[in-house]
Amino acid sequence: MTSALLKPLVVVTGASSGFGVEIAKLFSAAGYPLLLVARRLKLMQALNLPNTLCKEVDVTDYKQFESAVREAEAVYGKCDLMINNAGVMLLEKIWDQDIEEWHRMLEVNLKGVMNGHKIVMRDMIDRRHGTVINVSSIAGRKSFGNHAAYCATKFGVHALSETVREEAAPYNVRVMVVAPGAAETELLGHSTNESIVEGYKSWKASTLDQGISLDPVHIASSCKFMYEMPQEVNIRELVLASTKQN
Ligand code: NDP
């Protein structure tokens, strides 16, 4: 067994782009074996990380998600950290938005996160050890125009996390939330309303320093910092944003 394998298994959802890629690279560099899941398998495989299993998984599909985790656990041991990071953001006024877009956000941002908890937490509770980190958003703490359905899902992530945190606490299992502000990833590209996307870009350009938003690396290091606190310390919530973001 290599020394890398002495560290416990970390599962990262949404590891094919944005925050998930940086989280995967940082935890891998620190020696954690990984299970990376997303739908675009080749992007995860192209990261070429050691002691890493990449699986094509839609996090809304419980059975597919669970079987990927069990396969990784058979190789690397029990999952000690689940990072529920996969998400979609589709911006629009609620009265104009296609209902399918709400459904997609509810499915991925909430059901996907709930699936992640159910797959690993029974075992964590039995072992009296483990951590779940949910990637929410500053939009889970305050409202933004055109974000109604997205905010609803992200506020929901906080509600879910706080409830499960209280339930899991007596068993020494931690649930944490990291809530980032605007960052440069593929996320904005999910939206189908071009004028809203352009408005968002000019908001970033005028509000943040020359449009410079959070670097995804900072979200990755926040997750690592939170996880590597001693098990008896739970950083329940970490909100980080560009200094100039409102
Ligand atoms: P990206 O669009 O770059 O990444 C989203 C990831 O989620 C991709 O890897 C995508 O993979 C995955 N994903 C989407 N749907 C599914 C699905 N059904 N099953 C499995 N994986 C899925 O955006 P970010 O990196 O920015 O987003 C990561 C998280 O951070 C999200 O939860 C987002 O809401 C949150 N966030 C982002 C902010 C930002 O400004 N960028 C700010 C605050 C929070 P694939 O398409 O291959 O399935």
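In my numbering, the protein residues as written are 2 to 247. The beta-carbon is built from N, C-alpha and C at its ideal position, and this holds for glycine as well.
Suppose you measure from the CA of residue i to the CA of residue j; what does that come to, to the nearest Å?
{"i": "S214", "j": "A242", "result": "8 Å"}
{"i": "Y33", "j": "W103", "result": "35 Å"}
{"i": "A170", "j": "A180", "result": "21 Å"}
{"i": "S4", "j": "A31", "result": "The pLDDT assigned to S4 is 47, lower than 50, so where the model puts this residue is not dependable, and the model offers no usable value."}
{"i": "V234", "j": "M125", "result": "16 Å"}
{"i": "S222", "j": "I24", "result": "7 Å"}
{"i": "W244", "j": "L209", "result": "One detail in the question is off: residue 244 reads as Thr in this sequence, not Trp. One C-alpha to the other measures close to 8 Å."}
{"i": "I120", "j": "S207", "result": "42 Å"}
{"i": "S162", "j": "E168", "result": "10 Å"}
{"i": "E67", "j": "M230", "result": "27 Å"}
{"i": "N49", "j": "S138", "result": "28 Å"}
{"i": "E199", "j": "I84", "result": "31 Å"}
{"i": "S144", "j": "I134", "result": "22 Å"}
{"i": "R71", "j": "S196", "result": "43 Å"}
{"i": "I236", "j": "N194", "result": "36 Å"}
{"i": "N247", "j": "V240", "result": "13 Å"}
{"i": "V178", "j": "E238", "result": "5 Å"}
{"i": "D99", "j": "V12", "result": "32 Å"}
{"i": "D127", "j": "L35", "result": "22 Å"}
Cβ of residue i within 8 Å of Cβ of residue j?
{"i": "G88", "j": "V136", "result": "yes"}
{"i": "V58", "j": "A69", "result": "yes"}
{"i": "H118", "j": "V165", "result": "yes"}
{"i": "L10", "j": "K79", "result": "yes"}
{"i": "S29", "j": "T53", "result": "yes"}
{"i": "A183", "j": "K202", "result": "no"}
Skipping 5 residues on each side, what residues in its chain have a beta carbon closer than 7 Å to that of residue i?
{"i": "C55", "result": "L37, L42, M45 and Q46"}
{"i": "H148", "result": "L92 and A140"}
{"i": "K94", "result": "N147"}
{"i": "E74", "result": "L10 and C80"}
{"i": "M2", "result": "For M2, the predicted structure reports a pLDDT of 45, less than 50, and the residue's modelled location is therefore unreliable. A value from the coordinates is still provided. Same-chain partners within the cutoff: there are none."}
{"i": "V325", "result": "Outside the displayed span of the chain (2 to 247) sits residue 325, for which this structure offers no information."}
{"i": "D97", "result": "none"}
Using a Cβ-Cβ cut-off of 6 Å (strictly less than) and excluding sequence neighbours within five positions of residue i, which residues of its own chain qualify?
{"i": "M90", "result": "Y151, L188 and H191"}
{"i": "K225", "result": "L27"}
{"i": "G113", "result": "V60, T61 and A87"}
{"i": "L111", "result": "T154 and G157"}
{"i": "T132", "result": "L82, R175 and Y228"}
{"i": "K8", "result": "G32 and Y33"}
{"i": "A16", "result": "A25, L37, A39 and M45"}
In chain order, what residues of the same chain have a beta carbon less than 8 Å from the beta carbon of residue i, not counting five sequence neighbours either side?
{"i": "T186", "result": "S18, G19, F20 and P217"}
{"i": "H1", "result": "In the structure as shown, the chain begins at 2 and stops at 247. Residue 1 is therefore absent and cannot be evaluated."}
{"i": "R105", "result": "V89 and L91"}
{"i": "T115", "result": "Correcting the residue identity first, residue 115 is Met in this sequence and not Thr. Result list for M115: L161, in chain order."}
Return no unless some Cβ of chain C is closer than 8 Å to the Cβ of residue i.
{"i": "E101", "result": "The displayed structure is made up of one protein chain only, and chain C is not part of it."}
Inset, instruction - Please specify which runs of the beta strand (DSSP E), each continuous and at least 3 residues long, are wholly inside the region 135-183, giving them in chain order. - result: Here the runs fully enclosed are 175-181.
Inset, instruction - Ignoring anything shorter than 3 residues or poking outside the region 11-51, list the beta strand (DSSP E) runs there in chain order. - result: Counting only runs of 3+ residues, the beta strand (DSSP E) found wholly inside the region 11-51 occupies 35-39, in chain order.
Inset, instruction - Scan the region 60-102 and note each continuous alpha helix (DSSP H) run of 4 residues or more that stays entirely inside, going in chain order. - result: You should have 63-77.
Legend entry - Any alpha helix (DSSP H) of 4 or more consecutive residues that is wholly inside the region 195-234: Taking 4 residues as the shortest admissible run, the region 195-234 contains the following complete alpha helix (DSSP H) segments, listed from N- to C-terminal end: 195-208 and 217-229.
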